[in-house]
Amino acid sequence: MKPYEWMTTYTPQQEWIEKRGIFMPLAFYFGSLGGGLYLVSLYFDSLLGMFIAWLIVGGLKGGSHLIDLGRPFRSWRMVFRPQSSWISRGLILVILFLGLVPVQLFFSYFFPGTIWESIFKVLAGLAALGTCAYPGFTLNYVNAIPLWNSAVLPILFIACGFLGGIALLLVAGVLGGNVDLTMIEFGSLVLLIITVMLIIVYTWCASHAGPSGGKALKEILKGRSSPIFWLGVVLVGIIMPFTFIALGYNGMHVSKLLLLSGALGEIICGLSLTYAILRSGAYSPLIPLSPDKL
Amino acid sequence: MARWGMVINLNRCIGCYACMLACKQEHFLPPDIFWGRVLIGESGKYPAVTKQIYPVLCNHCAEAACVDACPTGATSKREDGIVIIDYDKCVGCRYCMMACPYQQRSFYTNGKKEYFPKQGLTELEVIGKQLYPFQEGTVVKCNFCVERIDASLKRGLKPGIDREATPACVIACPSKARYFGDLEDPTSEVSRLISEKKAFQLHPEFGTNPSVYYITR
Numbered sequence: 001m002k003p004y005e006w007m008t009t010y011t012p013q014q015e016w017i018e019k020r021g022i023f024m025p026l027a028f029y030f031g032s033l034g035g036g037l038y039l040v041s042l043y044f045d046s047l048l049g050m051f052i053a054w055l056i057v058g059g060l061k062g063g064s065h066l067i068d069l070g071r072p073f074r075s076w077r078m079v080f081r082p083q084s085s086w087i088s089r090g091l092i093l094v095i096l097f098l099g100l101v102p103v104q105l106f107f108s109y110f111f112p113g114t115i116w117e118s119i120f121k122v123l124a125g126l127a128a129l130g131t132c133a134y135p136g137f138t139l140n141y142v143n144a145i146p147l148w149n150s151a152v153l154p155i156l157f158i159a160c161g162f163l164g165g166i167a168l169l170l171v172a173g174v175l176g177g178n179v180d181l182t183m184i185e186f187g188s189l190v191l192l193i194i195t196v197m198l199i200i201v202y203t204w205c206a207s208h209a210g211p212s213g214g215k216a217l218k219e220i221l222k223g224r225s226s227p228i229f230w231l232g233v234v235l236v237g238i239i240m241p242f243t244f245i246a247l248g249y250n251g252m253h254v255s256k257l258l259l260l261s262g263a264l265g266e267i268i269c270g271l272s273l274t275y276a277i278l279r280s281g282a283y284s285p286l287i288p289l290s291p292d293k294l
Numbered sequence: 001m002a003r004w005g006m007v008i009n010l011n012r013c014i015g016c017y018a019c020m021l022a023c024k025q026e027h028f029l030p031p032d033i034f035w036g037r038v039l040i041g042e043s044g045k046y047p048a049v050t051k052q053i054y055p056v057l058c059n060h061c062a063e064a065a066c067v068d069a070c071p072t073g074a075t076s077k078r079e080d081g082i083v084i085i086d087y088d089k090c091v092g093c094r095y096c097m098m099a100c101p102y103q104q105r106s107f108y109t110n111g112k113k114e115y116f117p118k119q120g121l122t123e124l125e126v127i128g129k130q131l132y133p134f135q136e137g138t139v140v141k142c143n144f145c146v147e148r149i150d151a152s153l154k155r156g157l158k159p160g161i162d163r164e165a166t167p168a169c170v171i172a173c174p175s176k177a178r179y180f181g182d183l184e185d186p187t188s189e190v191s192r193l194i195s196e197k198k199a200f201q202l203h204p205e206f207g208t209n210p211s212v213y214y215i216t217r
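Those protein sequence lines, which keep their order, are chains A and B. The working numbering applies: residue 1 is where the first sequence begins, and numbers increase by one. The working numbering applies: residue 1 is where the second sequence begins, and numbers increase by one.
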């Protein structure tokens, strides 16, 4: 973009994608991944999965956010405005998640089957769901970027989180972990289908979100973000894992390497989608456009 | 209580960038940081082309999206409508920059960048860093020259009427395209211009209710 084009044409956002801003899509995805993995691990009763989810949220997500901040040592101030700021609400949910999960793991390991284990599972599960969903709400709040201002976005982030979470459990299962591989494969397939449907709905909504939304969607489908979308999301993230996992689920022999590739593809799907959405977000011009600039 | 606002006459604006430079000088803004800008665009097709010159700045919106977005409370709205940033609280998350539909905020990252590289800071830059010690890693933006307004109100001067109480960009304009005053006062020049000249705001569909209006007559 030339300097004279700034805000006289559709102007892509840059602060959350370029330079240190590259850590924002990573932080958002790691949060969804960690929350999704925790919830999936709750379902499959995998303590290891819950612990890894805690590490992902605390280490990868937290670390990414701190690297992105201009003044990370002031980050403690970010909890003070939950009444209006989604970043405040998200940070509170993440802190709750990081605090509740160790307590829940303690009860699950030393006192399984007690009422306290159930209580902390519910509380940590709710915090995990919030951790998964709040990036979508954070972006959804920005009505200046029609591509992000969609009610489907939080649900899409939750779906990507669940997809990545079940992919990690699939990795654990393939490598000999104590999880029901058949059920995980089935869950993967279902989540892949749900994710595809949500992506279709999201893109359809974006195409009807005015000229800015349409322009941003073109960026994803045909523009700068199209390689990420078509390769990362569609080919590697959906088609490849669906093929490998469906073959494995249907009893055909699929090598561990292919199954692991499928699982990795599911993780790449969510990450690529998050990156493509953040990269393609654009602002409407401040002055009326001439038609050839549309 | 006053609510400070601005009216910009697009027919009078000649695109000289004096407002942009006056702001830079007034606040000793670092390199690459602009609190006001002049956008130049075209509309129409040959032979019916219109050149448009839009001076833009922070709109100090009544329903500012940036104020709600800020997780630390660094961005706040004063009673007089001016949206300010407390640089000591800003954590540099740039969520306010995402939320602003007008993109009138800047992220200050390179405190060591000089206007004349490898030649050290000029005396003006040294004075500027003492008077306006911007903090690296924080977001900065136009503040309607709030220091001038506050200092002058104590002396009984009137913003928009007395030069010392009026933002630098308004005073600098050679074609008197900018007006500043109290939007809550129906007798002020800005209120009169808004009602008589059918002033419009930028992107009213975002619901921010900007305090900067534009007129074309």
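Idealized CB from N, CA, C, for every residue including glycine. Just so we're clear, the structure is a prediction, and the values are computed from it rather than from any experiment.
Under DSSP, the beta strand (DSSP E) around residue i begins and ends at which residues?
i, result
"B:N209", "Here B:N209 belongs to no beta strand (DSSP E), and DSSP marks it neither H nor E."
"B:R105", "R105 to Y108"
"B:R192", "Taken as a continuous stretch (DSSP letters only), B:R192 belongs to no beta strand (DSSP E), being part of the alpha helix (DSSP H) at E189 to E196."
"B:G5", "W4 to N9"
So with Cβ pairs under 9 Å, would you call residue i a contact of chain A?
i, result
"B:T109", "yes"
"B:V67", "yes"
"B:Q201", "no"
"B:V56", "yes"
"B:F206", "yes"
"B:R37", "yes"
"B:C16", "no"
"B:V190", "no"
"B:A177", "no"
"B:G92", "yes"
"B:A74", "yes"
Can you check whether the CB of residue j is closer than 9 Å to the CB of residue i?
i, j, result
"B:F28", "B:K176", "no"
"A:I167", "A:L48", "Before going on, a small fix: residue 167 of chain A reads as Ala here, not Ile. Going by C-beta atoms, A:A167 is not nearer than 9 Å to A:L48."
"A:G161", "A:L33", "yes"
"A:T203", "A:L217", "yes"
"B:P204", "B:F134", "no"
"A:P81", "B:G73", "Contrary to the premise, residue 81 of chain A reads as Arg rather than Pro in this sequence. Cβ distance < 9 Å, so A:R81 and B:G73 count as in contact."
"A:V94", "A:F120", "no"
"A:L241", "A:E266", "Reading off the sequence, residue 241 of chain A comes out as Pro, not Leu. Result yes, Cβ atoms of A:P241 and A:E266 sit closer than 9 Å."
"B:F206", "A:A144", "yes"
"A:V142", "B:A99", "yes"
"A:L91", "A:V57", "no"
"B:G92", "B:F107", "yes"
"B:R3", "B:E189", "no"
"A:G281", "A:L191", "no"
"B:N209", "B:E79", "no"
Starting from residue i, trace the alpha helix (DSSP H) both ways and give me its first and last residue.
i, result
"A:W116", "I115 to N140"
"A:P25", "F23 to F44"
"A:K256", "K256 to S280"
"A:S207", "L181 to S207"
"A:P241", "M240 to Y249"
"B:D68", "A65 to A69"
"B:D182", "Where B:D182 is concerned, there is no enclosing alpha helix (DSSP H), although the beta strand (DSSP E) it sits in stretches over R178 to D182."
"A:E219", "G210 to L221"
Find the residues of chain A that neighbour residue i, judging by a C-beta separation of less than 7 Å, and give them in chain order.
i, result
"B:L21", "Residues of chain A passing the Cβ test: none, with the nearest at roughly 16 Å."
"B:C70", "R81 and S85"
For a contact defined as C-beta to C-beta under 7 Å, what are the partners of residue i on chain B?
i, result
"A:Y10", "The contacting residues do not exist; A:Y10 stays about 12 Å from chain B at best."
"A:V142", "M98 and A99"
"A:W116", "Within 7 Å Cβ-Cβ: nothing; A:W116 doesn't reach chain B, min ~32 Å."
"A:M7", "L39 and Q103"
"A:S88", "P71"
"A:Y275", "By Cβ distance, chain B contributes nothing, its closest Cβ being about 16 Å from A:Y275, past 7 Å."
Starting from the beta carbon of residue i, find every residue of chain A whose beta carbon is closer than 9 Å, and list them in chain order.
i, result
"B:P133", "Simply none; closest approach about 14 Å."
"B:G81", "Residues of chain A passing the Cβ test: none, with the nearest at roughly 18 Å."
Is there a C-beta anywhere in chain B that falls below 9 Å from the one on residue i?
i, result
"A:G70", "yes"
"A:T138", "yes"
"A:F80", "yes"
"A:P154", "no"
"A:G49", "no"
"A:L96", "no"
For residue i, which residues in chain B fall below 9 Å Cβ to Cβ?
i, result
"A:Q13", "M97, M98 and Q103"
"A:Y4", "L39, I40 and G41"
Going along chain A, which residues have a C-beta under 8 Å from residue i?
i, result
"B:T138", "G70 and R71"
"B:K89", "R74 and R77"
Along chain B, in chain order, which residues have C-beta atoms closer than 8 Å to that of residue i?
i, result
"A:I67", "Under the 8 Å cutoff, chain B gives no residues; its nearest Cβ is about 11 Å from A:I67."
"A:I287", "L39, G41, S43, Q52 and Y54"
"A:Y283", "P101 and Q103"
Tell me, please, whether the CB atom of residue i is closer than 9 Å to any CB atom in chain C?
i, result
"B:I33", "Given the protein chain composition of this structure (A and B), no chain C is represented."
| Along the chain, which unbroken stretches of the alpha helix (DSSP H) at least 4 residues long are found entirely within the stretch 51-107 of chain A? | 62-68
| Whole beta strand (DSSP E) elements within the stretch 114-173 of chain B, 3-residue minimum | 138-141
| request: Jot down the residue ranges of each uninterrupted alpha helix (DSSP H) in the stretch 21-93 of chain B, minimum 4 residues, whole runs only, in chain order. | output: 65-69
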